[in-house]
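Numbering (the working numbering), first residue to last: 785 to 941.
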Amino acid sequence: MAQLKHNRFVMLGSLIATVVAAANGLSFLTLMAGGMTLLQFMAWKQQDAVRSRFKAAKDAFEALNVIAFDKHWVGSTATVAKVSNMITPPERLDKPWAVQVLAVTRGGTWFAVDLQVTGTDKVQMLSLHQLSEKAAKTMLAFDLEVYERFFGKPDVA
(Lines of atoms letter the chains of each structure in order from A; the text may use other names.)
(Lines give C-alpha, C1' and ligand atoms only; values in the text may rest on other atoms or scores of the structure.)
Protein backbone atom coordinates (compact mmCIF):
# COMPACT_ATOMS: atom_id res chain seq x y z
CA MET A 785 0.00 0.00 0.00
CA ALA A 786 2.89 2.38 0.74
CA GLN A 787 4.24 1.73 -2.77
CA LEU A 788 0.85 2.62 -4.24
CA LYS A 789 0.78 5.91 -2.31
CA HIS A 790 4.36 6.64 -3.41
CA ASN A 791 3.43 6.06 -7.06
CA ARG A 792 0.45 8.39 -6.76
CA PHE A 793 2.71 11.08 -5.26
CA VAL A 794 5.29 10.72 -8.05
CA MET A 795 2.53 10.65 -10.67
CA LEU A 796 1.00 13.86 -9.28
CA GLY A 797 4.43 15.53 -9.18
CA SER A 798 5.12 14.50 -12.78
CA LEU A 799 1.74 15.80 -13.88
CA ILE A 800 2.37 19.16 -12.19
CA ALA A 801 5.84 19.34 -13.79
CA THR A 802 4.27 18.62 -17.19
CA VAL A 803 1.75 21.45 -16.80
CA VAL A 804 4.39 23.91 -15.55
CA ALA A 805 6.83 23.01 -18.35
CA ALA A 806 4.08 23.30 -20.98
CA ALA A 807 2.97 26.68 -19.60
CA ASN A 808 6.55 27.97 -19.83
CA GLY A 809 7.06 26.68 -23.37
CA LEU A 810 9.65 24.09 -22.37
CA SER A 811 8.77 21.32 -24.83
CA PHE A 812 11.63 18.94 -23.88
CA LEU A 813 10.75 19.11 -20.19
CA THR A 814 7.07 18.74 -21.07
CA LEU A 815 7.83 15.54 -22.98
CA MET A 816 10.05 14.17 -20.19
CA ALA A 817 7.58 14.95 -17.40
CA GLY A 818 4.66 13.71 -19.50
CA GLY A 819 6.51 10.46 -20.21
CA MET A 820 7.26 10.03 -16.52
CA THR A 821 3.59 10.61 -15.70
CA LEU A 822 2.58 8.01 -18.26
CA LEU A 823 5.05 5.45 -16.87
CA GLN A 824 3.86 6.08 -13.32
CA PHE A 825 0.25 5.75 -14.40
CA MET A 826 0.99 2.40 -16.06
CA ALA A 827 2.80 1.18 -12.91
CA TRP A 828 -0.12 2.31 -10.76
CA LYS A 829 -2.62 0.49 -12.98
CA GLN A 830 -0.46 -2.67 -12.81
CA GLN A 831 -0.36 -2.52 -9.00
CA ASP A 832 -4.09 -1.91 -8.88
CA ALA A 833 -4.71 -4.92 -11.14
CA VAL A 834 -2.51 -7.15 -8.96
CA ARG A 835 -4.37 -5.94 -5.85
CA SER A 836 -7.65 -6.73 -7.62
CA ARG A 837 -6.41 -10.26 -8.40
CA PHE A 838 -5.52 -10.91 -4.75
CA LYS A 839 -8.90 -9.55 -3.63
CA ALA A 840 -10.76 -11.69 -6.18
CA ALA A 841 -8.95 -14.83 -4.99
CA LYS A 842 -9.61 -13.96 -1.33
CA ASP A 843 -13.29 -13.28 -2.01
CA ALA A 844 -13.64 -16.55 -3.95
CA PHE A 845 -12.09 -18.53 -1.12
CA GLU A 846 -14.33 -16.88 1.46
CA ALA A 847 -17.35 -17.66 -0.74
CA LEU A 848 -16.36 -21.34 -0.92
CA ASN A 849 -19.37 -23.44 0.03
CA VAL A 850 -19.16 -26.94 -1.45
CA ILE A 851 -19.71 -30.57 -0.54
CA ALA A 852 -16.74 -32.84 -1.30
CA PHE A 853 -15.38 -36.00 0.31
CA ASP A 854 -18.70 -36.28 2.18
CA LYS A 855 -17.95 -33.03 4.04
CA HIS A 856 -19.23 -29.48 3.81
CA TRP A 857 -16.35 -27.08 3.10
CA VAL A 858 -16.97 -23.42 3.99
CA GLY A 859 -14.18 -20.98 3.22
CA SER A 860 -15.49 -18.15 5.40
CA THR A 861 -15.19 -20.25 8.57
CA ALA A 862 -11.77 -21.75 7.80
CA THR A 863 -8.45 -20.34 8.95
CA VAL A 864 -6.04 -19.64 6.10
CA ALA A 865 -2.52 -20.84 6.85
CA LYS A 866 -0.76 -19.96 3.61
CA VAL A 867 -1.42 -18.62 0.12
CA SER A 868 1.03 -19.71 -2.57
CA ASN A 869 1.55 -18.74 -6.20
CA MET A 870 1.68 -21.93 -8.18
CA ILE A 871 2.94 -21.07 -11.67
CA THR A 872 2.44 -17.55 -12.96
CA PRO A 873 3.20 -14.48 -10.85
CA PRO A 874 0.16 -12.23 -10.31
CA GLU A 875 1.89 -9.41 -12.22
CA ARG A 876 1.53 -11.34 -15.52
CA LEU A 877 -1.95 -10.06 -16.33
CA ASP A 878 -1.83 -11.63 -19.79
CA LYS A 879 -1.77 -15.11 -18.22
CA PRO A 880 -4.14 -16.81 -15.77
CA TRP A 881 -2.81 -16.72 -12.21
CA ALA A 882 -2.88 -19.98 -10.29
CA VAL A 883 -2.95 -19.74 -6.52
CA GLN A 884 -3.24 -22.36 -3.79
CA VAL A 885 -4.84 -21.64 -0.43
CA LEU A 886 -3.88 -23.94 2.45
CA ALA A 887 -6.41 -23.77 5.28
CA VAL A 888 -7.75 -25.62 8.28
CA THR A 889 -11.40 -25.96 9.28
CA ARG A 890 -12.75 -25.24 12.76
CA GLY A 891 -12.82 -28.99 13.26
CA GLY A 892 -9.10 -29.27 12.52
CA THR A 893 -9.30 -30.78 9.03
CA TRP A 894 -6.65 -29.46 6.65
CA PHE A 895 -7.42 -28.74 3.01
CA ALA A 896 -6.01 -26.97 -0.02
CA VAL A 897 -7.99 -25.13 -2.68
CA ASP A 898 -6.48 -24.44 -6.10
CA LEU A 899 -7.88 -21.30 -7.73
CA GLN A 900 -7.25 -19.68 -11.09
CA VAL A 901 -7.72 -15.94 -11.57
CA THR A 902 -8.15 -14.73 -15.15
CA GLY A 903 -7.89 -11.02 -15.78
CA THR A 904 -8.45 -9.16 -12.54
CA ASP A 905 -11.70 -10.65 -11.27
CA LYS A 906 -12.71 -13.94 -12.88
CA VAL A 907 -11.99 -16.80 -10.47
CA GLN A 908 -12.44 -20.50 -11.05
CA MET A 909 -11.95 -23.20 -8.43
CA LEU A 910 -9.79 -25.88 -10.01
CA SER A 911 -9.70 -28.39 -7.17
CA LEU A 912 -10.14 -29.00 -3.47
CA HIS A 913 -7.87 -31.46 -1.65
CA GLN A 914 -8.50 -32.85 1.81
CA LEU A 915 -5.11 -33.18 3.52
CA SER A 916 -3.73 -35.15 6.40
CA GLU A 917 -1.95 -33.25 9.16
CA LYS A 918 1.32 -34.77 7.94
CA ALA A 919 0.72 -33.41 4.42
CA ALA A 920 -0.08 -29.96 5.84
CA LYS A 921 3.14 -30.04 7.87
CA THR A 922 5.08 -30.94 4.73
CA MET A 923 3.50 -28.06 2.82
CA LEU A 924 4.47 -25.64 5.59
CA ALA A 925 7.97 -27.06 6.13
CA PHE A 926 9.73 -24.11 4.48
CA ASP A 927 7.71 -21.46 6.31
CA LEU A 928 8.85 -21.89 9.92
CA GLU A 929 6.79 -19.01 11.33
CA VAL A 930 3.51 -20.37 9.93
CA TYR A 931 4.47 -23.95 10.84
CA GLU A 932 5.07 -22.94 14.47
CA ARG A 933 1.81 -20.99 14.63
CA PHE A 934 -0.22 -24.10 13.75
CA PHE A 935 1.90 -26.99 15.02
CA GLY A 936 4.25 -25.50 17.61
CA LYS A 937 8.04 -25.60 17.59
CA PRO A 938 9.47 -28.71 15.97
CA ASP A 939 12.19 -30.72 17.68
CA VAL A 940 15.72 -29.73 16.69
CA ALA A 941 17.48 -32.48 14.73
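Where is the CB? At the ideal position from N, CA and C, for every residue including glycine. Please read these numbers as outputs of a predicted model, since none were measured by experiment.
Relative to the alpha-carbon of residue i, which residue among the options has its alpha-carbon at the smallest distance?
i	options	result
Q908	Q900, M923 and A833	Q900
S916	L910, A841, A882 and T889	T889
Q884	L912, D832, T902 and F853	L912
D878	L910, K855, D843 and R837	R837
G892	L910, V804 and K855	K855
Suppose the cutoff is 8 Å on Cβ atoms and the five residues either side in sequence are ignored; what does the same chain contact list for residue i look like?
i	result
A887	F845, G859, A862, T863, V864, A865, W894, F895, A896 and V897
P880	T872, Q900, V901 and T902
F934	A865, V888, A920 and L924
Could you give the DSSP three-state label for residue i: helix, strand or coil?
i	result
D832	helix
A847	coil
K937	coil
A865	strand
Taking 8 Å as the threshold (C-beta atoms), are residue j and residue i in contact?
i	j	result
T922	A833	no
Which same chain residues, not among the five before or five after residue i, have their C-beta less than 7 Å away from its C-beta?
i	result
W857	L848, V850, F895 and L912
A841	V883, L899, V901 and V907
Within a Cβ cutoff of 6 Å, which residues of the same chain sit near residue i, ignoring the five residues on either side of it in sequence?
i	result
F853	Q914
Y931	L924
S868	Q884
**Prompt:** If you scan the segment 878-931 from start to end, which runs of the alpha helix (DSSP H) of 4 or more residues do you find wholly inside it?
**Reply:** 917-923
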